[in-house]
């Protein structure tokens, strides 16, 4: 996995999805209850007919991207940010798979998203994030 280049492309181009364990980590880092974090910083979006919490945007940028171009929650940034650009919409599915299976962290994140998608079919969004 490459180090962050501080280009902020992941913060500008994509909807940053939040998995339940990420909501827990980020809310702890911000020292606020998880429910407040989800209410204040996230919104529900459907991506390929699957409901996700995504970070809100401010001026077309992630709400946690500071004026200095740095992430305000960098130590606990979401998996999607950690593995950028391996899971980006500009890649075809085959390209994503090729990149994911080469990088162990990206592969682990891929597995977390697969588990989330499986669970969301069996539970509601609020059940997964409670």
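In the working numbering, the protein residues as written are 36 to 165. Even glycine gets a Cβ: it sits at the ideal position worked out from N, Cα and C. Here the structure is a predicted model, which is why all the values come from computation and not from measurement.
Note down the Cα distance separating residue 65 from residue 80, rounded to an integer number of angstroms.
In the chain shown, the residue the question calls residue 65 occupies position 30. In the chain shown, the residue the question calls residue 80 occupies position 45. Each residue's alpha carbon lies about 23 Å from the other.
So, with DSSP's three-state summary, where would you put residue 88?
On the chain shown, residue 88 is found 53 positions in, with the first residue counted as 1. Strand at residue 88.
Beta carbon of residue 114 nearer than 9 Å to that of residue 54
Position 79 of the chain shown holds residue 114. Position 19 of the chain shown holds residue 54. Yes.
Quick one: give me the first and last residue of the alpha helix (DSSP H) that residue 116 is part of.
Your numbering for residue 116 matches position 81 in the chain shown. Taken as a continuous stretch (DSSP letters only), the alpha helix (DSSP H) holding residue 116 covers 114–117.
Which term fits residue 102, buried or exposed, when burial requires 16 or more other beta carbons within 10 angstroms of its beta carbon?
Position 67 of the chain shown, counting from 1, holds the residue named residue 102. Residue 102 comes out exposed.
Using the Cβ count rule (16 or more neighbours within 10 Å means buried), how would you classify residue 52?
Locating residue 52 in the chain shown gives position 17, where the first residue counts as 1. It is buried - the Cβ of residue 52 has at least 16 other Cβ atoms within 10 Å.
Return helix, strand or coil for residue 158, following the three-state DSSP convention.
Walking along the chain shown from the start, residue 158 turns up at place 123. Residue 158 falls in the coil class under three-state DSSP.
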